[in-house]
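In this text, residue positions in the sequence shown follow numbering that gives the first Met the number 0: the first is 0, and each later residue adds one. Below you'll find the structure, written out as structure tokens, and then a few comments.
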Amino acid sequence: MDEVQRLAIETIQKDKQAIIFAPSRASAEKSAEEISKHTNFSLPELEKQILHDVSSPTKQCKRLSHCIRKGIAFHHSGLTSKQKELIEDSFKKGDVKIICCTPTLAAGLSLPVFRVIIKSLKRYSGKWGMDWIPVLEYMQMAGRAGRPEYEVFGEAITIAKNDKDRKEIYEKYVCGEPEEIYS
0 MDEVQRLAIE TIQKDKQAII FAPSRASAEK SAEEISKHTN FSLPELEKQI
50 LHDVSSPTKQ CKRLSHCIRK GIAFHHSGLT SKQKELIEDS FKKGDVKIIC
100 CTPTLAAGLS LPVFRVIIKS LKRYSGKWGM DWIPVLEYMQ MAGRAGRPEY
150 EVFGEAITIA KNDKDRKEIY EKYVCGEPEE IYS
């Protein structure tokens, strides 16, 4: 079990919910699958709803249905609007405990998130390879935790690959200033 999975299971054991931000759709889906292997939930009705949202379920729909049956979901722009809505509503009701998602879930929604886990603060940036995201994007993701209408406080945890990255994350994001907003 890796650190992200361990933190997700620990969150569930505290009877809390979490969002895990992943750098890509594939990473969000894989994270959800791996975490779902460690849960004992059984939500067959939710599984059926995910499968019946589309006339002919795709491989992705089947993958999501297997995860959601275990109380874990993934969420990204490749899902139908109805699937995303079902995931968000099920999370609000407490049926879905963990959502593994891309940063598309970082703004505009207030959900009962106790813990935000950020797998990586780097994104692919075309010909330049992987690059650090803006501080404002980090703040949007971290700001999903501990929403006042749901929690007294929240936790935002970022995973660092090594000590050098840990120090850079701390200086750039935890102690850093957000960029100016230009319109």
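Built from N, CA and C at the ideal position, the CB exists for glycine as well.
Taking contact to mean 3 or more Cβ pairs, one atom from each stretch, closer than 8 Å, check whether the segment 61-71 and the segment 29-45 are in contact.
yes
Rounded to the nearest angstrom, what separates residue 156 and residue 162 at their Cα positions?
Here the question's residue 156 lines up with position 157 in the sequence shown. Here the question's residue 162 lines up with position 163 in the sequence shown. Whole-angstrom Cα-Cα distance: 15 Å.
On the DSSP bridge list, what partners appear for residue 154?
Position 155 of the sequence shown holds residue 154. Paired residue(s): 114.
Which residue spans inside the segment 1-82 form an unbroken alpha helix (DSSP H) run of at least 4?
2-12, 24-35, 43-51 and 58-68
Just the Cα atoms here: how many angstroms apart are residue 87 and residue 16?
For the purposes of this step, residue 87 is taken as the residue at position 88 of the sequence shown. For the purposes of this step, residue 16 is taken as the residue at position 17 of the sequence shown. Their Cα atoms are separated by approximately 12 Å.
Am I right that residue 176 and residue 134 are in contact with their C-beta atoms under 8 Å? What's the rounded C-beta distance?
In the sequence shown, residue 176 corresponds to position 177, counting from 1. In the sequence shown, residue 134 corresponds to position 135, counting from 1. Right, the Cβ-Cβ distance comes to about 7 Å (below 8 Å), so this counts as a contact.
Determine whether the beta carbon atoms of residue 115 and residue 149 lie at a separation below 9 Å.
Residue numbering aside, residue 115 sits at position 116 when the sequence shown is read from its first letter. Residue numbering aside, residue 149 sits at position 150 when the sequence shown is read from its first letter. Contact flag unset, no.
Run through DSSP, which three-state label would residue 98 get?
As a working mapping, residue 98 is identified with position 99 in the sequence shown. Strand at residue 98.
Could you tell me the alpha carbon to alpha carbon distance between residue 11 and residue 170, rounded to whole angstroms?
Within the sequence shown, the letter at position 12 stands for residue 11. Within the sequence shown, the letter at position 171 stands for residue 170. Taking the straight line from one Cα to the other gives about 30 Å.
Can you look up residue 121 in the DSSP assignment and give me helix, strand or coil?
For this step, residue 121 is matched to residue 122 along the sequence shown. In the structure shown, residue 121 sits in a strand (DSSP, three-state: E or B).
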